[in-house]
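In the numbering used here, the protein residues as written are 1 to 119. Glycine is no exception: its CB is placed at the ideal position from the N, C-alpha and C atoms.
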């Protein structure tokens, strides 16, 4: 069936707009079950849609969304500290946040902030 190849992408677009509009991932306990319920779809479909975009799965994707949110917040609130904003984005552990940030952007959060502020 032809139409199936479009489904993951369409669903992914829906997932992304929903997350960017509602920010439910700021809850540290946010799960794929929550997302599936909100979008009235199966967890399996949600997972396939996320993987179709090159993510290993829900967890990696949500952390990516949280990191993007962090970068936005740090730009808007330069007076706030990393710890405050990291928790505001839904990360529950400093270690996870730092590891994810450095792996994704190849730079530490503090270096990133220094660079932002020197612009």
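Pick from 76, 81, 100, 95 that is closest to residue 61, judged by C-alpha positions: 100
For a quick check, are the C-beta atoms of residue 30 and residue 90 less than 8 angstroms apart? yes
Locate the alpha helix (DSSP H) running through residue 26, then write down its first and last residues. That residue, residue 26, is in no alpha helix (DSSP H); it is neither H nor E in DSSP.
Only counting runs of 4 or more residues, tell me where the alpha helix (DSSP H) segments fall wholly within the stretch 23-106, in order along the chain. 32-39, 43-51, 58-76, 82-88, 94-105
C-alpha gap between residue 85 and residue 59, whole angstroms: 19 angstroms
Top-ranked residue by Cα proximity to residue 104, from 63, 92, 114: 63
Residue closest to residue 76, alpha-carbon to alpha-carbon, out of 117, 15, 13: 117
Between which two residues does the alpha helix (DSSP H) containing residue 119 stretch? Unbroken run through residue 119: none, as it is neither H nor E.
Straight-line gap, residue 96 to residue 32 (C-alpha atoms, nearest Å): 19 angstroms
How big is the Cα-Cα spacing for residue 70 and residue 55? 19 angstroms
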